[in-house]
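**Q** According to the working numbering, the residues represented by the sequence shown are 2 to 300, in order.
Idealized CB from N, CA, C, for every residue including glycine.
Given the structure is predicted, the values throughout are model-derived calculations rather than measurements.
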Amino acid sequence: MPAATWASHAGSMRGGYPMDMSLTYAAPDADLSAYITAFYEFRADVPRFEAGECADYAQIRFGFSGSGTCRFADGHIQQLPVISIIGPTTGNTNIRAEGPIHLFGAGLLPAGWGALMGFEASMLVNRAVDATGFFGKTLDGIMERLLAAPTVEDKAVIASALFRELIQRDRQAALAFTRSVDAWLAASPSPRVDDLVAVLGLSRRQVERLCKRYYGAPPKMLARKYRALRAAASLALGEGIAGDIMAENFYDQSHFIKEIKQFTGITPTRFGEALPVLAQLKRGRVDIAGPTDPLFQGS
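#1: Which same chain residues, not among the five before or five after G106, have their C-beta less than 7 Å away from its C-beta?
#2: What is the rounded straight-line gap between the Cα of G202 and the Cα of M222?
#3: If I measure Cβ to Cβ from R45 and keep anything under 6 Å in the same chain, skipping five residues before and after, which residues do I get?
#4: In whole angstroms, what is the alpha-carbon distance linking R195 and Y58?
#5: Straight-line CA distance for Q207 to W185?
#6: Quick check on DSSP: helix, strand or coil for G67?
#7: Can you grab the Cα-Cα spacing for the pair P269 / T94, in whole Å?
#8: If we ignore side chains and look at the alpha-carbon of each, how far apart do L109 and R210 end up?
#9: For Y215, which of helix, strand or coil comes out of DSSP?
#10: Please work out which residues of its chain come closer than 7 Å, Cβ to Cβ, to P219, disregarding the five sequence neighbours upstream and downstream, and give them in chain order.
#11: For K156, which residues of its own chain have a beta-carbon under 6 Å away from its beta-carbon, when the five flanking residues on both sides are left out?
#12: Bridge partners for R62 per DSSP, in chain order?
#13: Against chain C, with Cβ distances strictly below 7 Å, would R165 count as a contact?
#14: Apply the 10 Å Cβ neighbour rule to F264 and answer buried if 16 or more other Cβ atoms are within range, or exposed otherwise.
#15: Among A177, L140, Y252, which residue has its Cα nearest to the Cα of P190?
#16: Where does P220 fall in DSSP's three states?
#17: Within its chain, find whatever has a CB closer than 7 Å to the CB of L167; leave out the 5 residues flanking it on each side and keep chain order.
#18: Exposed or buried, which one is G217 when buried takes at least 16 other CB atoms within 10 Å?
#19: Can the beta-carbon of V47 be found closer than 7 Å to that of P89?
#20: Confirm, please, whether the CB-CB distance from A162 to G115 is below 7 Å.
#21: What would DSSP say about E260, mapped onto helix, strand or coil?
#22: Can you name, in chain order, every residue of its own chain whose Cβ lies under 6 Å from the Cβ of D131, other than the five neighbours on each side?
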């Protein structure tokens with residue numbers, strides 16, 4: 002049973018219609034915590050919905066109602082399948098949907114990608130595909146069972162059983178590699194690739210290939226992405242002063258603004274003013290996944 006849950010709700014006005022939204026999280030069981038950031042259930046009882054999501058891990062999402070499209074950071078636009086595998090994203094993803102919206106999903110840590118998927122994460126960066134094409138009959142009846150489950154905790158139990166069935170046997174190799182990379186990312190705001198190569202005992206080319214397989218990006222891009230998102234998390238949670246965060250993590254103010262905007266879609270000042278409503282709701286992920294999520298370590 003998931004160890005903790007977190008819920009947030011919004012009921013303000015935006016775009017001329019009331020925002021009746023909720024985002025509820027459930028933590029994965031201990032045996033899945035190396036593979037999954039958190040389970041989540043999102044509801045928006047609105048006729049139309051538009052929001053941005055910052056750069057993130059890969060996701061598996063089950064859409065019960067509401068049809069939507071994603072515009073990814075590279076400009077690619079596509080409609081999301083009912084059961085979607087969304088690859089790692091490199092910047093702000095704009096989501097538009099017709100409501101009401103109800104979905105359930107899980108964030109995949111790099112080790113989770115390695116254990117569940119049979120191809121490199123870099124092949125699905127800023128893209129989404131139909132999960133039924135990969136998992137086939139294993140997904141038969143899953144939508145009905147998830148929809149019938151009354152709470153996010155109940156849905157997480159069902160999804161956990163599914164993930165345990167899908168996890169492949171090479172999971173230990175993925176775990177060993179991603180744990181080393183996560184520790185490298187958390188150790189410094191600007192970690193050196195040579196240090197990671199030395200720790201892993203692999204060639205630089207092998208390290209880059211494996212990072213692309215599990216994370217969807219080479220080490221240098223990973224370091225930039227994680228640094229920007231940790232800084233953004235600190236700003237969103239009010240845990241740091243922008244000037245101090247900039248001085249400790251970035252070359253100068255223009256570098257600070259450029260990196261934060263590239264990976265979140267908004268400038269640092271927005272975090273101190275009117276944070277987008279979806280970003281406010283997603284603050285609960287820090288409470289659920291923060292201790293084990295490398296995006297929030299060192300922040």
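**A** Working from what's here:
#1: Position 105 of the sequence shown, counted from the start, is the residue given in the question as residue 106. So the qualifying residues of the chain are Y41, Q60, I61, R62, F63.
#2: Position 201 of the sequence shown, counted from the start, is the residue given in the question as residue 202. Position 221 of the sequence shown, counted from the start, is the residue given in the question as residue 222. Looking at the two C-alpha atoms, the distance is approximately 21 Å.
#3: Sequence index remark: in the sequence shown, residue 45 carries index 44 (1-based). It should be noted that the sequence gives Ala, not Arg, for residue 45. Excluding sequence neighbours, A45 sits near M22, G100, I102.
#4: Numbered from its first residue, the sequence shown carries residue 195 at position 194. Numbered from its first residue, the sequence shown carries residue 58 at position 57. Per the sequence shown, the amino acid found at residue 195 is Asp instead of Arg. Near 24 Å, if we compare the C-alpha coordinates of Y58 and D195.
#5: As a first step, residue 207 must be located in the sequence shown, where it is residue number 206. As a first step, residue 185 must be located in the sequence shown, where it is residue number 184. Roughly 16 Å separates the two Cα atoms.
#6: Counting from one through the sequence shown, the residue named residue 67 turns up at place 66. Looking at G67 - three-state DSSP - the assignment turns out to be strand.
#7: What you label residue 269 is simply residue 268 of the sequence shown in a count that begins at 1. What you label residue 94 is simply residue 93 of the sequence shown in a count that begins at 1. Whole-angstrom Cα-Cα distance: 17 Å.
#8: Taking the first residue of the sequence shown as 1, we reach residue 109 at position 108. Taking the first residue of the sequence shown as 1, we reach residue 210 at position 209. Those two C-alpha atoms are separated by around 19 Å.
#9: By one-based count along the sequence shown, residue 215 stands at place 214. If DSSP states are grouped into helix, strand and coil, Y215 belongs with the helices.
#10: Counted from its first residue, the sequence shown places residue 219 at position 218. Counting only Cβ-Cβ distances below 7 Å, and skipping sequence neighbours, we find E209, C212, K213.
#11: Counting from one through the sequence shown, the residue named residue 156 turns up at place 155. Counting only Cβ-Cβ distances below 6 Å, and skipping sequence neighbours, we find F105, L147, A150.
#12: Against the sequence shown, residue 62 aligns to sequence position 61. Answer by DSSP bridge pairing, in chain order: S85, G106.
#13: Judged by its chain identifiers, the structure shown contains no chain C, having just a single protein chain.
#14: Start at 1 with the first residue of the sequence shown, and residue 264 comes out as number 263. By the neighbour-count rule (16 or more Cβ atoms within 10 Å), F264 is buried.
#15: Here residue 190 refers to the residue found at position 189 of the sequence shown. Closest option to P190, Cα to Cα, is Y252.
#16: Position 219 of the sequence shown, counting from 1, holds the residue named residue 220. Of the three classes helix, strand and coil, the one that applies to P220 here is helix, per DSSP.
#17: Against the sequence shown, residue 167 aligns to sequence position 166. Excluding residues within five positions, the ones whose Cβ falls inside 7 Å are L117, F136, T139.
#18: As a working mapping, residue 217 is identified with position 216 in the sequence shown. Flag for G217 reads buried.
#19: In the sequence shown, residue 47 corresponds to position 46, counting from 1. In the sequence shown, residue 89 corresponds to position 88, counting from 1. For V47 and P89, no; Cβs fall outside 7 Å.
#20: On the sequence shown, position 114 is the one that residue 115 refers to. On the sequence shown, position 161 is the one that residue 162 refers to. Contact: no.
#21: Position 259 of the sequence shown, counted from the first residue, corresponds to residue 260. Reduced to three states, the DSSP call for E260 is helix.
#22: Start at 1 with the first residue of the sequence shown, and residue 131 comes out as number 130. Same-chain partners within the cutoff: P82.
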